[in-house]
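Numbering (the UniProt record's numbering), first residue to last: 1 to 378.
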């Protein structure tokens, strides 16, 4: 399972919002910010980034004087995490939870020092972030001691002792985050905590945790979607297509911008392989495919699918290496159509498919590709 970007070292940083109290009341949340910053600064209200969802600008305000009151309106019904940042004072950003009707924030970008009122979940969030920063720093200190002892030629006993201390620190870091996520009442803070936890290969623990969490927040759409996405991803690890199975079709864009559906290869022998421009171990197989097509032209078709978010890098490699057979790309990578439909969990990978659409071989490598195809393709 693709690991998430989980360690969130977020510094306490910023807040702001504007306008006048004379306008008509709207449904949603109000963020009332008292901003102290440099003259002519711009402060931004943005959604907090999560997983594959980048931060999005909600509103902004220019601070005419170095101290100014700003009121922002956040037109949402479900609580969520937002951040406020300064354009000129690059000292981090301040995260807060829109969990009540009105949230008041004192934002001193000069220090920076930030205080909020009216948001219980924000106080919980800030404590969680502070605790994790302190625990992470403790782990780094132990790691520095380990490096020093190693350079000094310390005894194995001393090195093992420090290694055990580091492992205990990492375990405490994980346990704290897991317990926090398992008990926090705010669904928005839960999501931030969840994305900071690395379950590794323990998929049973992840599955039990995500089912329990979804049951705790039955009316919060983002957590229900998270549950469905995680269960779908776990299913890839529990199931796979075997020889004799019918391989489903996928539809993706090719290197020329045309949309290709792999069902068009039904009725022919074809090889479908999965790779990426950043996957160096994938390259020998690409050359083996080229050699195969040159040796038995017309007997087999080949289509390559890149699991790659870097479309420009992929395109340059395809044309530079003259991969002339159909090249498709799925920029959604491990959450995309190719992975979800084909149930693959690593690259390079491939299927050799017969005219009836059934798998006749899979997971071939550069060394056995030609011999396998010659034996299977009639």
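Heads up, the beta-carbon is just placed ideally off N, CA and C, and yes, glycines get one too.
Note that the coordinates shown come from a computational prediction; the quantities given were computed from them, not determined experimentally.
Inspect the beta-carbon positions of residue i and residue j and report whether they are closer than 8 Å.
i, j, result
"residue 359", "residue 252", "no"
"residue 88", "residue 59", "no"
"residue 239", "residue 206", "no"
"residue 292", "residue 373", "yes"
"residue 82", "residue 48", "yes"
"residue 74", "residue 31", "yes"
"residue 97", "residue 122", "yes"
"residue 173", "residue 234", "no"
"residue 103", "residue 29", "yes"
"residue 79", "residue 188", "yes"
"residue 339", "residue 307", "yes"
"residue 327", "residue 254", "yes"
"residue 195", "residue 50", "yes"
"residue 125", "residue 95", "yes"
"residue 304", "residue 333", "no"
"residue 302", "residue 325", "yes"
"residue 133", "residue 86", "no"
"residue 180", "residue 213", "no"
"residue 38", "residue 105", "no"
For residue i, which three-state DSSP category applies?
i, result
"residue 146", "helix"
"residue 22", "Reliability of the predicted coordinates at residue 22 is poor, the pLDDT of 34 falling under 50, and the value obtained from them is presented with this limitation in mind. In this structure, residue 22 counts as coil in the three-state DSSP scheme."
"residue 375", "helix"
"residue 67", "strand"
"residue 80", "coil"
"residue 39", "coil"
"residue 324", "coil"
"residue 243", "coil"
"residue 350", "strand"
"residue 278", "coil"
"residue 103", "strand"
"residue 307", "strand"
"residue 366", "coil"
"residue 285", "helix"
"residue 345", "coil"
"residue 61", "strand"
"residue 50", "strand"
"residue 108", "strand"
"residue 266", "coil"
"residue 90", "coil"
"residue 55", "coil"
"residue 123", "helix"
"residue 139", "helix"
Identify the continuous beta strand (DSSP E) that holds residue i and give its terminal residues.
i, result
"residue 236", "Taken as a continuous stretch (DSSP letters only), residue 236 belongs to no beta strand (DSSP E), being part of the alpha helix (DSSP H) at 221-238."
"residue 114", "113-117"
"residue 253", "251-253"
"residue 173", "Counting along the chain, residue 173 falls outside any beta strand (DSSP E), though it belongs to the alpha helix (DSSP H) covering 156-183."
"residue 260", "259-261"
For residue i, write down the residues that DSSP places opposite it in a beta bridge.
i, result
"residue 85", "44"
"residue 379", "Limits of the chain in this structure are 1 at one end and 378 at the other, which puts residue 379 out of reach."
"residue 195", "In DSSP, residue 195 forms no bridge with anything."
"residue 361", "352"
"residue 96", "82"
"residue 272", "303, 351"
Can you give me the start and stop residues for the alpha helix (DSSP H) that residue i sits inside?
i, result
"residue 210", "203-216"
"residue 332", "Looking at the DSSP string, residue 332 is not in any alpha helix (DSSP H), and its letter there is neither H nor E."
Using a Cβ-Cβ distance under 8 Å, would residue i count as near chain D?
i, result
"residue 304", "Reference to chain D is not applicable here, since this structure consists of a single protein chain."
Three or more C-beta pairs below 8 Å linking the region 66-73 and the region 133-146:
no
Cβ contact check for the region 309-317 and the region 341-353: 3 or more pairs under 8 Å:
no
Measuring CB atoms only, is the region 179-189 touching the region 149-168, in the sense that at least three cross pairs come out at less than 8 Å?
no
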